[in-house]
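**Q**
Number of protein chains: 2
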Amino acid sequence: MNKYLLPKTIITDVGSTKEKTNFVIEKKLKKGISWTSSHPIAGSEVSGPENGTKDLFLNKWCILIKEKKTNKKHLVILSKFWKKVGSKISIMNSKKHDLIFSMTSHLPHLIAYNLVKTATDFENQQKYELIKYSAGGLRDFSRIASSNEIMWRDIFFNNQNNILKVIDLFIKNLQLFKKDIKLKNNKSIIKKLIDSKKVRKKIIKLKQDINKPDFGRI
Amino acid sequence: MNKYLLPKTIITDVGSTKEKTNFVIEKKLKKGISWTSSHPIAGSEVSGPENGTKDLFLNKWCILIKEKKTNKKHLVILSKFWKKVGSKISIMNSKKHDLIFSMTSHLPHLIAYNLVKTATDFENQQKYELIKYSAGGLRDFSRIASSNEIMWRDIFFNNQNNILKVIDLFIKNLQLFKKDIKLKNNKSIIKKLIDSKKVRKKIIKLKQDINKPDFGRI
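Residue numbers (the numbering used here), protein chains in the order written: chain A, 324 to 541; chain B, 324 to 541.
(1) How many angstroms separate the CA atom of Lys351/B from the CA atom of Pro363/B?
(2) Among Glu472/B, Gln483/B and Lys505/B, which one has its Cα closest to the Cα of Arg476/A?
(3) Can you confirm whether Asp444/B, when its beta carbon is compared against all beta carbons of chain A, has any partner nearer than 8 Å?
(4) Cα separation between Ser511/A and Leu433/B?
(5) Going along the chain, which residues of the segment 456-472 of chain B sit with their C-beta nearer than 7 Å to a C-beta in chain A?
(6) What residue from Trp358/A, Gly375/A and Leu516/A has the CA that sits closest to Asn325/A's CA?
(7) Any C-beta of chain B sitting closer than 8 Å to the C-beta of Lys507/A?
(8) Suppose the cutoff is 8 Å on Cβ atoms and the five residues either side in sequence are ignored; what does the same chain contact list for Phe493/B look like?
(9) Between Leu398/A and chain B, is any beta-carbon pair separated by less than 8 Å?
(10) Can you pull the chain A neighbours of Leu516/B, defined as C-beta to C-beta under 7 Å?
(11) What are the boundary residues of the beta strand (DSSP E) that Pro431/A is part of?
(12) Just checking: is the beta-carbon of Phe500/B within a distance shorter than 8 Å of some beta-carbon in chain A?
(13) Does Ile274/A come out as helix, strand or coil in the three-state DSSP assignment?
(14) How about Asn481/A and Ser370/A: are their beta carbons less than 8 Å apart?
(15) Distance check for Ile526/B and Ser457/A, CA to CA, integer angstroms please.
(16) Going by DSSP, what residue range makes up the beta strand (DSSP E) through Ser361/A?
(17) If you draw a straight line from the C-alpha of Thr393/A to the C-alpha of Cys385/B, how long is it?
(18) Under a three-way DSSP split, which group does Met294/A fall into?
(19) Is there a Cβ from chain A that is less than 8 Å from the Cβ of Thr340/B?
(20) Can you give me the C-alpha to C-alpha distance between Met415/A and Ile356/A, rounded to a whole angstrom?
Right, dumping it as structure tokens:
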């Protein structure tokens, strides 16, 4: 598309990973043309325009990427655009973006996929239908694990380095959790479970979720 | 309470683990008295009667435990009771129960706790607020990870053996997932992600969840 682009053309994307794509874009883009990357933290497990809603971006974060090369004027105009559709703006560089979302989005999705895979393997091992009893926890994970496979493969591959690190951190913590259960370490388990509740309270306070039990489920 | 109990007294519980509690109950219970154990698969992350609703058990599974010693008459009456409040009945022994729910309920809760713990550790490491961006996945896990800590400690300790096994299965799968990301094994990743979607469809077909994107969230 290079030949159709002008220095004043505002170009953006809504991708979930930034470092690697920015590297490719910088290499391919004609000199003098600016690309300003966006990542609206909105949407669900379904893809495509048919699943859009008018309030999709309302009160949701939109991350805008700022690097040394970023066109400041374009960044200001793009900020205004995202605010107009209801988003809250946060500006950071690609590196920080990919690090943060490896933890808050990419790892949770990977874990959800892995849990559903583990349940399926277990069901096959036991030769007994058990997924039908999934109301007690597995259900919500299965929603997240039904997201678009092409998009998530690309996210996992593009943000490989950060994701490999957070997987290791997750496994380290899981080994400690396992040890606590094995040794019936009451104090350590109770601390873990209470600390989780505090994070939940923080998420609700930050208006990232609603303080209503089993929200949307009953 | 032994001295107040009669052979015709119907006694039940609604606990989440069965093998160990049944062992303790059998030991303590006066001869000739029957205990018939129930596990309604209903409820949310909040506890206590103040969080009850009239439809709490409607179309939800209720597992009834049947062992050699189980009083068949009591089992029939208890089945009728749970059906009256709207439940679907499934009858199995304690061993099977604890095995199934280690996978469909106990492991998902443990994983949710572990993910929230990992995110907190990561936030502290990075010295950068990131939990506020939790809309993209972490949010739903944090709801599950805000469940009652005393109840969940007891579940983890009582169903220790099954839980330790499913943790190992989960870690084994996670190591394979990690390897696929590291080697960019396209075919294997795509298969995993597509298989997850099939499980989701099964869960919806079994009426364990609703086929509406981001249900309750938008």
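Positions of the beta carbon are idealized from the N, C-alpha and C atoms, including for glycine.
The structure displayed is predicted, hence computed values, not measured ones.
**A** On the basis of the data shown:
(1) Within the second sequence, the letter at position 28 stands for residue 351/B. Within the second sequence, the letter at position 40 stands for residue 363/B. Roughly 24 Å separates the two Cα atoms.
(2) Within the first sequence, numbered from 1, the residue matching residue 476/A stands at position 153. Of the candidates Glu472/B, Gln483/B and Lys505/B, the one whose C-alpha sits nearest the C-alpha of Arg476/A is Lys505/B.
(3) In the second sequence, the residue the question calls residue 444/B occupies position 121. Taking Cβ atoms only, chain A reaches closer than 8 Å to Asp444/B, which makes this a yes.
(4) Translated into positions along the first sequence, residue 511/A becomes position 188. Translated into positions along the second sequence, residue 433/B becomes position 110. Those two C-alpha atoms are separated by around 14 Å.
(5) Tyr456, Ser457, Ala458, Gly459, Gly460, Leu461, Arg462, Asp463, Phe464, Ser465, Arg466, Ile467, Ala468, Ser469 and Glu472
(6) Within the first sequence, numbered from 1, the residue matching residue 325/A stands at position 2. Out of Trp358/A, Gly375/A and Leu516/A, Trp358/A has the C-alpha closest to the C-alpha of Asn325/A.
(7) Residue numbering aside, residue 507/A sits at position 184 when the first sequence is read from its first letter. True, the Cβ-Cβ gap to chain B drops below 8 Å.
(8) Here residue 493/B refers to the residue found at position 170 when the second sequence is read from its first residue. Exclusion of the five residues before and after Phe493/B leaves Leu430 and Ile434 as the residues of its chain whose Cβ lies within less than 8 Å of its Cβ.
(9) Residue numbering aside, residue 398/A sits at position 75 when the first sequence is read from its first letter. Output row for Leu398/A: interface = no.
(10) The residue you call residue 516/B lines up with position 193 of the second sequence. The answer, in chain order, is Tyr436, Glu472, Trp475 and Arg476.
(11) In the first sequence, residue 431/A corresponds to position 108, counting from 1. From DSSP, Pro431/A is part of no beta strand (DSSP E) but of the alpha helix (DSSP H) over Leu430 to Gln449.
(12) What you label residue 500/B is simply residue 177 of the second sequence in a count that begins at 1. Closer than 8 Å: yes.
(13) In the structure as shown, chain A starts at 324 and stops at 541, and residue 274/A therefore has no counterpart that could be examined.
(14) Counted from its first residue, the first sequence places residue 481/A at position 158. Counted from its first residue, the first sequence places residue 370/A at position 47. Cβ atoms of Asn481/A and Ser370/A: not closer than 8 Å.
(15) Start at 1 with the first residue of the first sequence, and residue 457/A comes out as number 134. Start at 1 with the first residue of the second sequence, and residue 526/B comes out as number 203. Approximately 7 Å, taken between the alpha carbons.
(16) The sequence position of residue 361/A within the first sequence is 38, counting from 1. Run containing Ser361/A: Ser361 to Pro363, per the beta strand (DSSP E) assignment.
(17) Residue 393/A sits at position 70 when you count from the first residue of the first sequence. Residue 385/B sits at position 62 when you count from the first residue of the second sequence. Roughly 58 Å between the two C-alpha positions.
(18) Coverage of chain A is limited to positions 324 through 541, which leaves residue 294/A absent and any answer about it impossible.
(19) Taking the second sequence and counting its residues from 1, one reaches residue 340/B at position 17. Interface criterion not met: the Cβ of Thr340/B is under 8 Å from no Cβ in chain A.
(20) For the purposes of this step, residue 415/A is identified with residue 92 of the first sequence, where counting begins at 1. For the purposes of this step, residue 356/A is identified with residue 33 of the first sequence, where counting begins at 1. C-alpha separation (whole angstroms): 21 Å.
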